Structure formats: C-alpha cells, structure tokens
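Report on the structure given below.
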Amino acid sequence: MFPIRDHNPSERTPWVTWGLILANVAIFLAYYPGAASDRALGMIFAEYGMIPARSLAGQDWETLVTSMFLHGNWLHLGGNMLFLWIYGDNLEDTLGHLRFLLFYLVSGLAAAALHILPDPMSLAPMVGASGAIAGVMGGYLLLFPRAKIDVFLFFIIFFRIIPVPAWIVLGIWLILQLYSSFAISAEASGVAYFAHLGGFAAGVVLLLPLWLRRGGRRFWARTEGHPPHPEAHYPFEKSRIPRVGR
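First residue of the sequence shown? That's 270 in this note's numbering, and the numbers climb one at a time after it.
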C-alpha cells in the first residue's frame, strides 16, 4: 500500500512546499551525477551529513540542517518529495508560509535529536528529508485524520488505486516505523527509523496547541477530520478500447 495523492487541494499556493521540493531536487542534481563512486558520495555525506558523535561534541552543527537536503539515490529523493507534496500543502495552507517553514525545520531538528539518542557515538552520517517530512505527516494526522488519501495497492497481478482515510495510511506507516526501530538497527538497514519517529512526534506536539485552540475533538466534529474546503475528486475513465469476447 503506497500513497500517491490526497483529495485535499490547498486554497493558497503552497510556495514553501514547492520551494522545498525544488531545493531538494536542485541540491541532489548538484552532487549526485558527479559522484562517480560510493566512496565519492560517502565523502559528501561525511562533510554535510549529520554525524551523531560530532553533533553531540558540539561540532558541525550546521549539518543538522544541511543533512535535510541530501539524499542517497533517486528512490530516496523521489519517495520523500512525493510524501512532502501529498501532505505539505494543507499544513502550509493552515499555518501560513513562514510558520510552515519553521515547523518543517524544527521537525527535522527533532528527528536528528532522536536519531542521536540510541547511538550517540555513531560515526555514520544521517541524510535525508524524511525526518522533517515525518513531522509534516504527524501534523497532518492530528489536524486531518479522515482526509482521503489515494493509495496504490499491488498484489502479484492485482493492482488498484483506492481512497483510504489518512489515519489508516499514517497509522500503518507509524506502526512500521515503531516495529523497525527496535527490530532493525539504522546502520544495518540504512534507514533512520528513530529520526522518523522523532519528526512525527515533533509534528504532533508542535501542532497540539493549535488543535486545542480550535476545539480539539470538537474541531474534528466540525470539519469531520477534513481540511476546511471541498475535496477533490479524481474520476477514473473507462478505457475506450473495445472489448472483444473470446
């Protein structure tokens, strides 16, 4: 089950969301094609990625931010930017451009902090925007738990796109992160699961005051767990190719 889009277009242009996507793609294109080997790529990550032992020693603190804009490959970049595109615009619509940018960066910092916690002496660099994007996902879940998310289901030869409430999509994602964070080490898997959990928790905590000011559960009752505007509909047209019986 893989999310591909939501049914909740934002009312204002999501300039920050688009800008973050553009910045991540531009930075990736600036270094990845020129990295002729894994060793060359590793040198870039060693300089600009977040290394827990160095950060804990008070060194290279700028990497807490620069690491958010580095990705290991096209799949890593594409998956993160898809999730940011799905969930980012509605939070930016709710928070405003500047507050959303600050929310994104603080979520990324919280993700880095929790990544450091289980292995503070690690020398393995952490890179990727997924911690900050997990914060966006946590905020989205708190404010819009019943928003419709189209997910792509694939099982052997069967595939279909179906709308699923956000609380199910994000709940399954969160359970997978929790399980993986304890079952698989970050260095063995190459995935910073604790960073995902830290970012997600930060996103919920940061938006909790806003949710409470709007009435908490009464806010959910008023909006039915959706963004406060009409949802988009994506009709699937039937194929015009004629069917021929056997």
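Think of the CB as a built atom: it goes at the ideal place given N, C-alpha and C, for glycine as much as any other residue. What you are looking at is a predicted structure, and each value in this text was computed from that prediction instead of being measured.
So, are the CB atoms of residue i and residue j less than 8 Å apart?
i	j	result
residue 398	residue 338	yes
residue 407	residue 472	yes
residue 359	residue 496	yes
residue 403	residue 275	no
residue 294	residue 351	no
residue 313	residue 299	no
residue 411	residue 480	yes
residue 494	residue 414	yes
Just curious, the alpha helix (DSSP H) that residue i is in, first and last residue?
i	result
residue 355	343-364
residue 413	Neither: residue 413 is in no alpha helix (DSSP H) and is coded neither H nor E.
residue 321	321-325
residue 316	307-317
residue 478	462-482
So is residue i buried or exposed if we call it buried at 16+ other beta carbons inside 10 Å?
i	result
residue 340	buried
residue 395	buried
residue 510	In this prediction, residue 510 scores a pLDDT of 46, lower than 50, which makes its location untrustworthy; the coordinate-derived value is nonetheless stated afterwards. With fewer than 16 Cβ atoms within 10 Å of its Cβ, residue 510 is classed as exposed.
residue 508	Any answer about residue 508 is weak, because its pLDDT of 44 lies below 50 and its placement is not dependable; what the coordinates show is given next. Residue 508 should be labelled exposed.
residue 443	buried
residue 373	buried
residue 502	exposed
residue 450	buried
residue 324	buried
residue 384	buried
residue 499	exposed
residue 469	buried
Note the first and the last residue of the continuous beta strand (DSSP E) segment covering residue i.
i	result
residue 420	417-424
residue 272	271-275
Smallest Cα separation from residue i: which of the options?
i	options	result
residue 419	366, 404, 438	438
residue 461	299, 280, 318	318
residue 362	274, 282, 331	282
residue 296	392, 271, 342	342
residue 273	400, 429, 465	429
residue 371	498, 465, 391, 476	476
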